[in-house]
Structure formats: C-alpha cells, structure tokens
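Undergrad:
In this note's numbering, the protein residues as written are 1276 to 1362.
1) Can we say the segment 1318-1329 touches the segment 1338-1346, given the rule of at least three CB pairs closer than 8 angstroms?
2) Taking contact to mean at least 3 C-beta pairs separated by less than 8 angstroms, is the segment 1335-1343 in contact with the segment 1351-1359?
3) Which residues does DSSP list as the beta-bridge partners of residue 1339?
4) How many angstroms separate the CA atom of residue 1315 from the CA atom of residue 1296?
5) Since residue 1360 is in the beta strand (DSSP E), which residue starts that stretch and which ends it?
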C-alpha cells in the first residue's frame, strides 16, 4: 500500500530545500555534507543572513529521486545542532 502523499510527487524532480540556522561557519558545511551524502552533485547554495546577523538562511536546489531520499535528508538536517528550521 503506497502513501497518498507519494502521488503528489513526480520523481525525479528539482527540489529546493531551505535551512535556517545559527550563523556559524560550520552551518553551511554541515548542510552541504548531508545533502551531498544523499544527493551527490555540485551545488551553489544561496546564503542570506538575517537582519540581526544571528541566523543564516541556506537554499540548495538538487534533484530528488524518492520520498525516502527526502525523508533521510530532512531527518539528518533536523539532527544538526546549528539548524533551527527546515522548509
């Protein structure tokens, strides 16, 4: 039995993921390591600081191949100490 949310996806597809976290030099490195682990490729992340400079928003576009791949990426990103929000 398949999950009804699987019907909403048409894999492979372009997928932008946005991560917001504490402004620290390791944030970008850790986020890219997770994405590279599950979706190897050359990425050009977009990094935007918050108005106060305490947080960074990182957007990475990659090709998603399955819901399981996306779930694994979200779980690993969520486990990172510097990450506060994932969209």
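Beta carbons: idealized from backbone N, C-alpha and C, even for Gly.
TA: Answer, in terms of the structure:
1) The segment 1318-1329 is not in contact with the segment 1338-1346.
2) With the rule of 3 Cβ pairs closer than 8 angstroms, the segment 1335-1343 does not count as touching the segment 1351-1359.
3) Beta-bridge annotation (DSSP): residue 1339 is paired with 1288.
4) Approximately 22 angstroms, taken between the alpha carbons.
5) Residue 1360 -> beta strand (DSSP E) spans 1358-1361.
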